[in-house]
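Notes for the one structure printed next.
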Amino acid sequence: MNAEKKMRDFLAAAADRDSAQTQNGKAAGRVRALLDADSFVELDSQVCPSGENLTRAPLCGDGLLCGYGTIDGRLVFVAAQDPDVYKGSLSRLNTAKFARHILRAKSSGAPFLALLDSAGIRAEEGLSLLSDTADLIWTIKEAREEIMFISLVLGPCPGVQSFIAANSDLVLMAADQGGVFLHGPGVTAAEYDPQMTPADIGGAAVQADRSGLAALVADNEDGLFELTRRLFTYLPDDFSGFADAITVKDGDPNRCDPVLDELAAGLDAGTSADQITAAIFDQDGMIELFAHYGQGLSGGLTTLAGIPLVYMANRQRVMGLAELDKCGKLLQLAERFNYPLISFTDVESFAGGPEAEAKGISRAAAALLAAFGDLSVPRLNVITGAALGSAFLTFNSKATGADMVYAWPTAEIGLLRPDSAVALFKRKALKAAADPQALRQELEATYASKDMGPAEAANLGLIDELIRPSATRPRLYSALQLIGGAL
108 MNAEKKMRDF
118 LAAAADRDSA
128 QTQNGKAAGR
138 VRALLDADSF
148 VELDSQVCPS
158 GENLTRAPLC
168 GDGLLCGYGT
178 IDGRLVFVAA
188 QDPDVYKGSL
198 SRLNTAKFAR
208 HILRAKSSGA
218 PFLALLDSAG
228 IRAEEGLSLL
238 SDTADLIWTI
248 KEAREEIMFI
258 SLVLGPCPGV
268 QSFIAANSDL
278 VLMAADQGGV
288 FLHGPGVTAA
298 EYDPQMTPAD
308 IGGAAVQADR
318 SGLAALVADN
328 EDGLFELTRR
338 LFTYLPDDFS
348 GFADAITVKD
358 GDPNRCDPVL
368 DELAAGLDAG
378 TSADQITAAI
388 FDQDGMIELF
398 AHYGQGLSGG
408 LTTLAGIPLV
418 YMANRQRVMG
428 LAELDKCGKL
438 LQLAERFNYP
448 LISFTDVESF
458 AGGPEAEAKG
468 ISRAAAALLA
478 AFGDLSVPRL
488 NVITGAALGS
498 AFLTFNSKAT
508 GADMVYAWPT
518 AEIGLLRPDS
528 AVALFKRKAL
538 KAAADPQALR
548 QELEATYASK
558 DMGPAEAANL
568 GLIDELIRPS
578 ATRPRLYSAL
588 QLIGGAL
């Protein structure tokens, strides 16, 4: 055996492969752009299709680049579909390769990133490929019990491959080229409207604004890689234990912001969820998820004096189906990441009317109530505005198991809005009044002052304490220390 010749052949083949990847391999370029410089280590590079029924020129790697590297020094595993090789299509060979690397990530306890860009499955491989794809999806599902699985959609993600994205913890999309479609966009356009483009059917705007699949969207793939790296600063290394603190610019837990007192005093004009969260959490320490979906609710990942957590805040006082769904997604992230949840309540009701009822608003609200009750992570709630009726009950109340519920002194807490209460309970008096409008205003003012103040809720044990708005941050930090220390 000529060992020297074998060594020369190996080095020559490796050089040819590296040169081909540098010149033509889109997947390789993407992985290099995403991970820390010179950190990527490829595995299974020699996997190559073969056999009598092979209808394509065999290429090593089979259109899927797999390996591991680091993001800011943290270990991650990666599988990147290469649209320059067989159009990134799924095959029996590379689905097994994909699954094998997910299991490696699971064994290492490291997050897994899937870079998706594919024309679909290789139809010539027949029905058996569907079974292999099902095995891949099942591998993802089982691995997610122990590790994070995040999908970056950088091109088409059609058919059964859309199941990969849909089974991820988080989906990130490039607005200029990403698309997720259960049905091929060509088929959909032919059936519904030939003028429809793939972006119209399942592009980033559709999946971020309407379906709620995409948690984050960037203008292009370079922006998406930058966003992914930023996201990783908020993610846990694993799902065990109370999360370690993150180094932040403004870590003073006792910082008070007088703008919160001003916001509370101006409650009659409405509160601003974005101003409230910006004043309380660490500076430059927030990443909003599902920002374009269910816009009546803001939420995402942030830090409080370096403690990573999930937050949510009502932007609108009526929660529709999208807001309920978005809230549920955020609860799932808190539970999976073992992060505390902090919410800011300003809600009066759920969306009403025949359409909302027909679409299952009651079922969705009940499911959210149960989801709050099932949470095992520390939970804090601050009532900054309204907290009325069934919406108050559902949105992280003491009744659902919140560890601490605070209220600002200007909060409005009650069973009904004043106009609804007066209309329901004072109909006879209004009907008999000489000036029904004047009486209605008087009764509503009386109800608001006597029956909707936070003091009554405190007397009943529905809130733990009335707090000065400007002191909200130190109160929340103190509660996190108390609850975290008790875990």
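Residues 108 to 594 (my numbering) make up the sequence shown, in order.
From the three backbone atoms N, C-alpha and C, an ideal C-beta is built for every residue, glycine too.
Please return the same chain residues whose Cβ sits closer than 7 Å to the Cβ of residue i, not counting the five positions on each side in sequence.
i: Arg211; result: Phe184
i: Thr579; result: Leu367, Ile387, Val489
i: Arg139; result: Phe147
i: Ala518; result: Ile490, Thr491, Gly492, Ala494, Pro561
i: Trp245; result: none
i: Ile254; result: Ala212, Lys213, Gly216, Ala217, Pro218, Phe219
i: Asp326; result: Ala282, Asp283
i: Gly496; result: Ser456, Leu522, Leu523
Using three-state DSSP, classify residue i as helix, strand or coil.
i: Cys363; result: coil
i: Ser456; result: strand
i: Arg486; result: strand
i: Ile383; result: helix
i: Leu220; result: strand
i: Gly427; result: coil
i: Ala514; result: strand
i: Arg547; result: helix
i: Thr410; result: strand
i: Arg317; result: helix
i: Gln284; result: coil
i: Pro581; result: helix
i: Asn109; result: coil
i: Pro265; result: strand
i: Phe397; result: coil
Rounded to whole angstroms, what's the CA-CA distance from residue i to residue j? Just pull it up for me.
i: Leu223; j: Glu149; result: 17 Å
i: Gly266; j: Phe499; result: 40 Å
i: Glu605; j: Thr304; result: What is shown of the chain runs 108 to 594, which leaves residue 605 out entirely.
i: Thr129; j: Ala135; result: Residue confidence for Thr129 is low, a pLDDT of 42 falling below 50, so the modelled location carries little weight; the figure read from the coordinates is stated next. Each residue's alpha carbon lies about 7 Å from the other.
i: Ala478; j: Asp375; result: 31 Å
i: Asp344; j: Arg337; result: 14 Å
i: Phe270; j: Arg207; result: 18 Å
i: Tyr341; j: Leu220; result: 15 Å
i: Gln439; j: Ala371; result: 30 Å
i: Ser214; j: Ala187; result: 20 Å
i: Ala322; j: Glu464; result: 27 Å
i: Leu523; j: Ala458; result: 15 Å
i: Ala315; j: Gln544; result: 45 Å
i: Pro301; j: Leu320; result: 25 Å
i: Tyr584; j: Glu252; result: 29 Å
i: Cys363; j: Pro581; result: 7 Å
Answer with buried or exposed for residue i, where buried requires no fewer than 16 other C-beta atoms within 10 angstroms of its C-beta.
i: Gln390; result: exposed
i: Val324; result: buried
i: Pro447; result: buried
i: Leu475; result: buried
i: Ala494; result: buried
i: Glu159; result: Note that Glu159 scores a pLDDT of 49, beneath 50, so its modelled location is shaky; the value from the coordinates is reported in the next line. Classification for Glu159: exposed.
i: Asp145; result: exposed
i: Gly132; result: buried
i: Ser248; result: Before going on, a small fix: residue 248 reads as Lys here, not Ser. Classification of Lys248: exposed, given that the 10 Å Cβ count is below 16.
i: Arg486; result: buried
i: Ala217; result: buried
i: Lys433; result: buried
i: Asn109; result: exposed
i: Gly427; result: buried
i: Leu277; result: buried
i: Glu232; result: buried
Beta-carbon separation of residue i and residue j under 7 Å?
i: Leu142; j: Gly176; result: yes
i: Met419; j: Leu437; result: yes
i: Ser577; j: Pro365; result: yes
i: Gly401; j: Gly358; result: no
i: Asn201; j: Leu171; result: yes
i: Arg424; j: Ser405; result: no
i: Gly480; j: Gly435; result: no
i: Val355; j: Thr295; result: no
i: Ser258; j: Ser275; result: yes
i: Ala282; j: Leu261; result: no
i: Leu431; j: Ala471; result: yes
i: Phe205; j: Leu243; result: yes
i: Thr595; j: Phe397; result: In the structure as shown, the chain begins at 108 and stops at 594. Residue 595 is therefore absent and cannot be evaluated.
i: Gly330; j: Ala311; result: no
i: Ala273; j: Ile209; result: no
i: Met511; j: Ala429; result: no
Could you name the residues of the same chain whose beta carbon sits closer than 6 Å to that of residue i, not counting the 5 residues immediately before and after it, in chain order?
i: Ala441; result: Val417, Leu448, Val484
i: Trp515; result: Ala371, Thr491, Pro576
i: Phe332; result: Ala140, Leu141
Is residue i near the ligand GDP, in the sense that its beta carbon is under 6 Å from a heavy atom of that ligand?
i: Ala273; result: The ligand GDP is absent from the structure shown, which contains no ligand whatsoever.
Looking at chain D, is there any beta carbon in it that lies within less than 7 Å of the beta carbon of residue i?
i: Val267; result: Chain labels in this structure do not include chain D; a single protein chain is all it has.
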